[in-house]
Amino acid sequence: TDQFQSPDYFLVDELLTEEHKLIRETVRNYVKKHISPIIEDYAQRAEFPVQIVKELGDLGCFGPTIPVEYGGGGLDYISYGLMMQELERGDSGVRSTASVQGSLVMYPISAYGSEEQKMKYLPKLATGEWLGCFGLTEPDHGSNPAGMLSNIKDKGDHYLLNGSKMWISNAPYAQVAVVWAKDESGDIRGLILERGMEGFSTPTTHGKWSLRASATGELVFDNVKVPKENIFPVVKGLKGPLGCLTKARYGIAWGALGAAMDCYDTALRYSKERIQFDRPIGGFQLQQKKLAEMITEITKAQLLVWRLGTLMNEGRATPQQVSMAKRNSCEIAANIARDARQMLGGMGITGEYSIMRHMMNIESVITYEGTHDVHLLITGMDVTGLNAFK
Ligand code: FAD
């Protein structure tokens, strides 16, 4: 097909198994049939295509690495990465829905939850019967979540939760929220909230120019009574939310690369078809420079995320390596989207092509799950041993 070619300049496909390729093909076909034809319209209207929740569940895109006994896919990290790559080739918002559900809601329940919590929530989240969201960021605490003000007080048979969260993906449609709040000793704890709990509301965030097809909202807790069985029993401190973020950031490293690939594919095709001065614009050196640099960066990033995936499979990947890959993929996706947009001239600013939507989406992807600056500081700290955060 002429759509959705996969740039593979260094034959990275040879590093994949038949199962990996089959999984990629399945998600790619889904995106081609069910996302690409509709997503521009939803993004223009700033509407969440709610039907994708069930579809992504059926496809196995929710919690692919979660064990099968809890409804997950039991797959490896390369499979998970390829799924995110293909989803984000369609739209970063669609990939965000899957990242949040799998890595930020299902993963903490599976890693930190009690057996009852796992049995109650994971199977329904895996199928998409329930949608989940993850509340860490607050109005006054983004890059520095340790300063959070949301808090719980022990009231004997329940906790009383107060505070608020901001910028929460999936919030307006979620039945379940994994929320981080401080207990009376100041330790960060994780709680599972359900829609309908008294005092818990999820107002929608309007006016975004980015991730318009993803629903974003606040979480407001006004004396919410949370049953004791809804707290994660063991995990305490920032390592709880950070452990989930490492999994999600890993997926973003592959995902943002998918957006970059789609921009490159689109610009490459266009450059061969668009005639100016009696020649395809792809024949001009200035346009070739852009394409050559795009494919070079995509190829480097492909090798980086593949290697990171094998380290994840072996349990050897460090959060710092994940930070580097997330940051790199966002950087190249932002640059490639911008160059690709220019290559399409005026057509590049319209919704006829996916590039401008990717370009705007990447502005969120580069900011959420740790900003570009924060990931750079993580690398800086790792190589120097000196903390530049504070
Ligand atoms: P700030 O932390 O205020 O940062 C502002 C600027 O200061 C940035 O450029 C940052 O890099 C810089 N900066 C901060 N600290 C330092 C430092 N020490 N040194 C140098 N520079 C620094 N959060 C969730 O919990 N759940 C979600 O589902 C979720 N979804 C999101 C969806 C979207 C569309 C967006 C935009 C955000 C989402 N977020 C979510 C929030 C996101 O993770 C935060 O926006 C992000 O962590 C940055 O926080 P902030 O916006 O408060 O920016």
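Counting from 24, one number per residue, gives the positions in the sequence shown under our numbering. Heads up, the beta-carbon is just placed ideally off N, CA and C, and yes, glycines get one too. Note that this is a predicted model, so its numbers are computed, not measured.
Spatial distance of residue i from residue j (CA atoms)
i              : j              : result
glutamate 37   : tryptophan 277 : 17 angstroms
glutamine 124  : aspartate 405  : 30 angstroms
aspartate 25   : lysine 248     : Residue confidence for aspartate 25 is low, a pLDDT of 45 falling below 50, so the modelled location carries little weight and cannot support an answer.
histidine 43   : leucine 172    : 43 angstroms
asparagine 167 : leucine 399    : 15 angstroms
serine 102     : tyrosine 93    : 18 angstroms
serine 122     : valine 388     : 12 angstroms
glycine 338    : aspartate 177  : 36 angstroms
aspartate 31   : threonine 341  : 26 angstroms
leucine 216    : leucine 39     : 39 angstroms
threonine 407  : threonine 49   : 43 angstroms
alanine 283    : glycine 371    : 15 angstroms
leucine 409    : threonine 402  : 10 angstroms
serine 237     : tryptophan 190 : 11 angstroms
serine 169     : glycine 266    : The question names serine, yet the displayed sequence has alanine at residue 169. Computed Cα separation, rounded: 14 angstroms.
lysine 77      : alanine 69     : 20 angstroms
lysine 147     : leucine 214    : 18 angstroms
glutamate 241  : leucine 34     : 44 angstroms
glutamate 109  : arginine 47    : 7 angstroms
proline 195    : tyrosine 182   : 23 angstroms
Top-ranked residue by Cα proximity to residue i, from the options
i              : options                        : result
glutamine 67   : Gly116, Ala169, Pro342, Ser208 : Gly116
serine 187     : Tyr196, Val345, His164         : His164
isoleucine 359 : Tyr273, Leu334, Pro342, Leu280 : Leu280
tyrosine 100   : Ile275, Ala411, Asp206, Cys353 : Ile275
arginine 112   : Asp362, Met220, Phe412, Ala356 : Ala356
glutamate 9    : Thr373, Ser29, Phe85           : Here the chain comprises residues numbered 24 to 413, so residue 9 is not present and cannot be evaluated.
glycine 393    : Gly219, Pro72, Pro264, Pro131  : Pro264
methionine 220 : Val199, Arg212, Trp203, Leu154 : Val199
Buried or exposed by the 16-neighbour rule on C-beta atoms within 10 Å, applied to residue i
i                 : result
glutamine 74      : exposed
threonine 120     : buried
isoleucine 298    : exposed
serine 208        : exposed
leucine 268       : buried
phenylalanine 244 : buried
leucine 45        : exposed
valine 91         : exposed
aspartate 396     : exposed
glutamate 326     : The sequence shown places leucine at residue 326, not glutamate. Exposed, since its Cβ has fewer than 16 Cβ neighbours within 10 Å.
arginine 302      : exposed
asparagine 351    : buried
glycine 136       : buried
glutamate 138     : exposed
glycine 332       : buried
tryptophan 232    : exposed
valine 128        : buried
lysine 56         : exposed
N- and C-terminal bounds of the alpha helix (DSSP H) containing residue i
i          : result
serine 192 : Unbroken run through serine 192 is the beta strand (DSSP E), 181-192; no alpha helix (DSSP H).
valine 117 : 115-122
Start and end residues, beta strand (DSSP E) containing residue i
i              : result
threonine 239  : 239-250
isoleucine 215 : 211-217
glycine 158    : 155-158
>> Taking contact to mean 3 or more Cβ pairs, one atom from each stretch, closer than 8 angstroms, check whether the region 219-235 and the region 139-150 are in contact.
In response: no
> Does the count of Cβ pairs from the region 59-73 and the region 371-379 closer than 8 angstroms reach three?
Replying inline: yes
>> Check whether the region 360-372 and the region 303-313 touch, using three or more Cβ-Cβ pairs below 8 angstroms as the test.
In response: yes
> Quick one: any contact between the region 317-324 and the region 281-296, if contact means 3 or more CB pairs under 8 angstroms?
Replying inline: yes
> With contact counted as at least three CB pairs below 8 angstroms, one residue from each stretch, are the region 379-395 and the region 300-310 in contact?
Replying inline: no
> Quick check: the region 246-264 against the region 345-365, are there 3 or more CB pairs under 8 angstroms?
Replying inline: no
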